[in-house]
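S.K.: Following this note's numbering, the numbering of the sequence shown begins with 158 at its first residue and continues without gaps.
The beta carbon of each residue, even a glycine, is placed where N, CA and C say it ideally should be.
The structure that follows is given in the form of structure tokens.
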Amino acid sequence: FMMIKNKKILFSEMRDVTEIKLAEKKIKESEKLYRLLAENTSDVIWTMDLNFKFNYISPSVFELRGYTPEEVKKQDITEVISPQSLEVVKNAFSSALKKVSENLPIETTYFEIEQPCKDGSTVWTEATAKIIYENDIPIGLLGVSRNINERKKSEELLKQSEKHLKEAQRIACIASWTMDIEGKFIYWSEEVYNIFESTKEGFKNNYQESYIHKEDKDFVYKTIKEAINNKINYDIEYKIVLTNGKEKFIQ
Numbered sequence: 158f159m160m161i162k163n164k165k166i167l168f169s170e171m172r173d174v175t176e177i178k179l180a181e182k183k184i185k186e187s188e189k190l191y192r193l194l195a196e197n198t199s200d201v202i203w204t205m206d207l208n209f210k211f212n213y214i215s216p217s218v219f220e221l222r223g224y225t226p227e228e229v230k231k232q233d234i235t236e237v238i239s240p241q242s243l244e245v246v247k248n249a250f251s252s253a254l255k256k257v258s259e260n261l262p263i264e265t266t267y268f269e270i271e272q273p274c275k276d277g278s279t280v281w282t283e284a285t286a287k288i289i290y291e292n293d294i295p296i297g298l299l300g301v302s303r304n305i306n307e308r309k310k311s312e313e314l315l316k317q318s319e320k321h322l323k324e325a326q327r328i329a330c331i332a333s334w335t336m337d338i339e340g341k342f343i344y345w346s347e348e349v350y351n352i353f354e355s356t357k358e359g360f361k362n363n364y365q366e367s368y369i370h371k372e373d374k375d376f377v378y379k380t381i382k383e384a385i386n387n388k389i390n391y392d393i394e395y396k397i398v399l400t401n402g403k404e405k406f407i408q
């Protein structure tokens, strides 16, 4: 207010804030959508500072580890990740920060980590993490964690199956392999080395040219060609010659 000639005069100013209000509305809508997604996905979305303290963690962490978000925020990183996995994470994080200091590009990092649960068990998760910046300065991490327990179990079962197959082939002196139509190995089991009396380094990949006895080459080639053309299996016996000159019959 001002007094002019004994009259109260009101001075004011006006500006168009439509753009600001619209921007604020969009931000609120984005935050609402983000929170809706974060609170309704089975994946765990989280942010933490550079000291590995959580700033935010989605409610789905309860399904993953049995802890509420409030409980997790109070946990030390050693209570969140198992010792061996923590070492891997810290090393990767240190390496990423070093790249930042050298102005090198940083890719999104993927981890497979073991995490302790409230009931005393552990769960394997796949964590995707990237560095958060503020004014080009690293201030924390943004990540998503997913339960991969079933995948890890399947991988372990596969390892055990491969181990048992390897042992069975060793006992029965049976080798397995796959090769292309030119006779070059694509895959072979370790028992191949025993049959061919060779080492991994000394084994020749071009099987048909290197090992099949010259007397049996035409027969083997013809059999393989017919099997490929007719899409059938074959079962034959033929002679091979090892690199030391020794001859063997194989089936």
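Label Leu314 either buried or exposed according to how many other C-beta atoms from any shown protein chain fall within 10 Å of its C-beta, with 16 as the threshold for buried.
M.R.: exposed
S.K.: Can you give the Cα-Cα distance for Phe219 and Met336, rounded to whole angstroms?
M.R.: 49 angstroms
S.K.: In chain order, what residues of the same chain lie with their CB nearer than 6 angstroms to the CB of Val201, ignoring the 5 residues before and after it?
M.R.: Ser215, Ser217, Val218, Leu221, Ser302
S.K.: Tell me the DSSP secondary structure of Glu244 in three-state form.
M.R.: Here Glu244 sits in helix by DSSP.
S.K.: Return the CA-CA distance between Asn154 and Lys275, expressed in angstroms with no decimal places.
M.R.: There is simply no residue 154 to check, as the chain begins at 158 and stops at 408 in what is shown.
S.K.: Can you grab the Cα-Cα spacing for the pair Glu244 / Thr282, in whole Å?
M.R.: 15 angstroms
S.K.: By the three-class DSSP mapping on this structure, what secondary structure does Thr235 have?
M.R.: helix
S.K.: For Asn304, is the classification buried or exposed, using 16 other Cβ atoms within 10 angstroms of its Cβ as the cut-off for buried?
M.R.: buried
S.K.: Name the DSSP beta bridge partners of Leu298, please?
M.R.: BP columns for Leu298 point to Met205, Ile288.
S.K.: Drop a sphere of 10 angstroms on the beta-carbon of Leu298, count the other beta-carbons inside from all chains shown, and report buried for 16 or more, exposed for fewer.
M.R.: buried
S.K.: Following a CB-centred definition, is Leu243 positioned closer than 7 angstroms to any heavy atom of the ligand GDP?
M.R.: Among the ligands in the structure shown, none appear at all, so the ligand GDP cannot be discussed.
S.K.: Which residue wins for smallest C-alpha separation from Ala249, given the options Asn260, Lys230, Glu269?
M.R.: Ranked by Cα distance from Ala249, the options Asn260, Lys230, Glu269 are led by Glu269.
S.K.: Could you tell me the boundaries of the beta strand (DSSP E) in which Ile381 lies?
M.R.: First-last for Ile381: 374 to 387, but that is the alpha helix (DSSP H), not the beta strand (DSSP E).
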